[in-house]
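Asks:
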Amino acid sequence: MTAPLTHDASETDIAMMRRALLAAEHAAERGEVPIGAVVARGEEILAVAANEREATGDPTAHAELLAIRRASATAGGWRLTGCTLYATLEPCPMCAGAAHASRLSRLIYAAPDPKAGYAGTLHNVPADTRLNHTLLVEGGLLEESAAGLLRDFFQKRRRKREKAAETSLP
């Protein structure tokens, strides 16, 4: 089960999540769903990414997966032991699996995902003790900021679609 943040988040955790939120904001500006991710080893950022599915046409170009790939390249190997993944939205099954497979030590996310969250909401892959590796999962760090970005993005998208539908009516 995902542990909500029950302690005061460290300055490093807050700074890293703010960096992930900045990446999410940039994604929204490019028309991507505003999700950002950072992989860090302590205070050292190994990678920052945002969703790139629209730009690349790649359904796997989620922020978390891209950040894990780039962090592995930076670290010189696939094992990210001692690293933390900061994500603005609770990871989906694919990204939760990648967090597990990369041997991250921690996963901290901002907003839960009631429709696809696999780090505590629908299932908790990273903390599943039946697997060969588990990692600490905490949710809720800067949740309102992340949820607000997503809410605004989808409201704008709906308004745009409604306006387009109105103008196309005979």
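Here my numbering is used: position 69 in the sequence shown is 57, and no number is missing along the way. From the three backbone atoms N, C-alpha and C, an ideal C-beta is built for every residue, glycine too.
(1) Does the region 106 to 124 come close enough to the region 49 to 61 that 3 or more CB-CB pairs lie under 8 Å?
(2) Could you give the distance in angstroms between the alpha-carbon of R57 and the alpha-carbon of A15?
(3) Leaving aside the five residues before and after A8 along the sequence, list all residues of the same chain whose C-beta is less than 6 Å from its C-beta, in chain order.
(4) State the beta-bridge partners of G24 as determined by DSSP.
(5) Which runs of the alpha helix (DSSP H) at least 4 residues long sit entirely within the region 44 to 125? Give them in chain order.
(6) Roughly how many whole angstroms lie between the Cα atoms of S93 and T72?
(7) In this structure, does DSSP put E32 in helix, strand or coil?
(8) Roughly how many angstroms lie between the CA atoms of A43 and E78, to the nearest whole one?
Replies: So, from the listed chains and residues:
(1) In short, these stretches do not touch, since the Cβ pair count stays below three.
(2) 18 Å
(3) Excluding sequence positions up to five before and after A8, its CB lies within less than 6 Å of the CB of G24, A25, V26, Y74 and T76, all in the same chain and listed in chain order.
(4) G24 pairs with A38.
(5) 51 to 63 and 81 to 89
(6) 6 Å
(7) strand
(8) If you take the alpha carbons of A43 and E78, they lie about 22 Å apart.
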